[in-house]
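Here the structure comes first, spelled out in structure tokens, and everything after it is commentary.
In mature numbering (1 follows the signal peptide of the UniProt record, and there is no 0), the protein residues as written are -34 to -1, 1 to 157.
Next up, the structure:
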């Protein structure tokens, strides 16, 4: 075997090893994301470095299931219907992605988007939107952040103090009512 052939073979073996490591790493990330939180997670839902050096490149987070999001949205919609209110209810995940949106019979066309934006705002700041609305007087540019809506009616869903989802309600004649119905959705998750 010539020196050139041996060098070429070594390069191919190194490339094959790198590709194998990449695939194994990707499978590990997918498995870590699919697994439920395990030892090594902090109380805020983040990950700590484990004994495996590859763990330092991973993070774990807690997500609400679609079934739980649907339960919360339906509970908010039911609470509004009991009071004769026509609303939309949205539930977003920790990343602000919509999991479920239910538009109640007769709810206004703007309520659908408003509910999603309130849920997004609540999870982004880990606070009810009613408390965030007051921040606009000190920082009016907050309203310019895409996807946000600083009106009452959004509440965060937390796990060990960390936000994992947001519930937003829109369409009632007042933000206080919207927030009351969002809180009914939150209460349903604790049953």
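We put the CB at the ideal spot given by N, CA and C, even for glycine.
Can you list, in chain order, the residues of its chain whose CB lies under 7 Å from that of residue i, leaving out five sequence neighbours each side?
i          : result
residue 64 : 56, 58 and 82
residue 85 : 56, 57, 58, 120, 132, 133 and 134
Return helix, strand or coil for residue i, following the three-state DSSP convention.
i           : result
residue 113 : coil
residue 105 : coil
residue 138 : coil
residue 122 : strand
residue 127 : coil
residue -14 : Low per-residue confidence applies at residue -14: pLDDT is 39, beneath 50, and the placement is therefore not dependable enough to give any value.
residue -3  : Below a pLDDT of 50, predicted positions are generally treated as unreliable, and residue -3, at 34, falls in that range; the measurement from the model is reported next regardless. Residue -3: helix per DSSP, three-state reduction.
Would you mind giving the Cβ-Cβ distance between residue i and residue j, rounded to the nearest angstrom? I have them listed as a contact below 8 Å.
i           : j           : result
residue 113 : residue 122 : About 15 Å; that fails the 8 Å criterion.
residue 38  : residue 151 : 4 Å
residue 27  : residue 60  : 6 Å
residue 130 : residue 30  : 6 Å
residue 145 : residue 94  : 6 Å
residue 73  : residue 147 : 12 Å between Cβ atoms; not a contact.
To which residues of the same chain is residue i closer than 8 Å at the C-beta, ignoring the five residues directly before and after it?
i           : result
residue 80  : 54, 115, 117, 119, 134, 136 and 137
residue 101 : 108 and 116
From what residue to what residue does the alpha helix (DSSP H) around residue i run?
i          : result
residue 41 : 32 to 48
residue 97 : 95 to 99
Near residue i, what residues of its chain come up, given a Cβ to Cβ distance below 6 Å and the 5 sequence neighbours on each side ignored?
i           : result
residue 141 : 117, 118 and 119
residue 35  : 57, 65 and 66
residue 98  : 91 and 116
residue 62  : 86
residue 43  : 55, 68 and 70
Pick out the complete beta strand (DSSP E) segments inside the region 58 to 90, 3 residues or longer, and give them in chain order. For the region 58 to 90, whole beta strand (DSSP E) runs of length 3 or above, ordered along the chain, are 64 to 69.
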